[in-house]
């Protein structure tokens with residue numbers, strides 16, 4: 001698509017979310033495709049005018065899924081870091097609306113625009129926090145490839161990896177683990193929970209798969225939260241949510257149940273060819289952990 005100044009003006013004048021009193025709407029409605037529209041786009045300060053929701057033209061283009069317009073707007077001076085009334089910038093919008101993230105990031109890079117992927121919105125969430133919760137995994141990977149911080153904390157001290165575990169997203173967990181180093185897997189939130197403890201404590205469909213990914217990356221099943229409860233104890237409370245495959249390899253089980261008040265010693269005597277019902281038991285022999 002050949003994007004011109006006039007087509008952008010005409011298209012944005014019909015954007016959803018642009019009220020009649022919005023300066024962009026008024027100018028487009030008045031001048032349409034005439035020459036004055038060209039001079040409008042030469043004025044960066046006007047490009048960055050906001051409506052009653054503090055949204056710029058760039059916010060609206062992304063919200064209305066106009067990927068062909070985004071590079072043009074960035075090239076002509078739209079500021080991607082301007083925040084709306086909820087504190088969301090253009091990168092937040094691209095993740096929230098699952099629209100235009102790739103052309104936006106590519107345009108920012110090619111035009112050498114100053115931007116920060118780790119800016120917070122009013123909920124103290126970065127774009128990566130939102131992507132980790134709602135996906136898709138392609139957005140998570142794209143943000144990480146462009147330098148988004150995987151260790152950013154939200155208002156509850158949660159990293160994107162915590163949120164992926166909370167929201168039962170295997171794909172997003174896997175995308176994050178490709179960038180999170182092993183020594184940061186067990187980072188805790190304000191409640192003292194690691195991503196593994198969250199996965200084991202929730203009754204979600206994919207909790208087993210997420211826990212397996214975390215354990216394979218080196219998550220520590222013996223780490224306990226502020227209540228002195230380990231992931232082992234969380235699993236013991238929620239046995240009904242886990243459906244485990246049979247053991248196929250010889251495993252060496254611990255003789256005692258480490259640091260779990262609710263764990264019974266006899267669970268370690270199950271036959272090895274039966275379906276295992278304790279996720280951490282299946283992975284306890286992967287490595288030696290320190291508390």
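Residue numbers (UniProt numbering): 1 to 291. Cβ coordinates follow ideal geometry from the N, Cα and C atoms, glycine included.
Query: Helix, strand or coil at residue 216 according to DSSP, with G and I counted as helix; Result: helix
Query: DSSP state of residue 78 mapped onto helix, strand, coil; Result: coil
Query: Inter-residue Cα distance where the pair is residue 222 and residue 168; Result: 22 Å
Query: Separation of residue 88 from residue 152, as counted between CA atoms; Result: 16 Å
Query: Option nearest residue 140 by Cα separation, candidates 187, 74, 94; Result: 94
Query: Helix, strand or coil at residue 188 [DSSP, three-state]; Result: coil
Query: Straight-line gap, residue 91 to residue 215 (C-alpha atoms, nearest Å); Result: 32 Å
Query: Residue range of the unbroken alpha helix (DSSP H) whose run includes residue 134; Result: 127 to 134
Query: Residues of its chain near residue 103, where Cβ-Cβ distance is below 7 Å and the 5 sequence neighbours each way are ignored; Result: 67, 70, 71
Query: Cα-Cα separation between residue 159 and residue 187, rounded to whole angstroms; Result: 8 Å
Query: Nearest-angstrom Cα separation, counted from residue 61 out to residue 143; Result: 20 Å
Query: C-beta contact flag for residue 47 and residue 80 at 8 Å; Result: no
Query: Residue 62 - DSSP class collapsed to helix/strand/coil; Result: helix
Query: Residue 156 beta carbon less than 8 Å from that of residue 129; Result: no
Query: For residue 147, the three-state DSSP class (helix, strand or coil); Result: coil
Query: The alpha helix (DSSP H) enclosing residue 201, as first and last residue numbers; Result: 195 to 201
Query: Sequence-distant residues of the same chain with beta carbon closer than 8 Å to residue 163, five excluded per side; Result: 129, 132, 133, 154
Query: Nearest to residue 96 (by Cα), restricted to the options 112, 77, 111, 65; Result: 65
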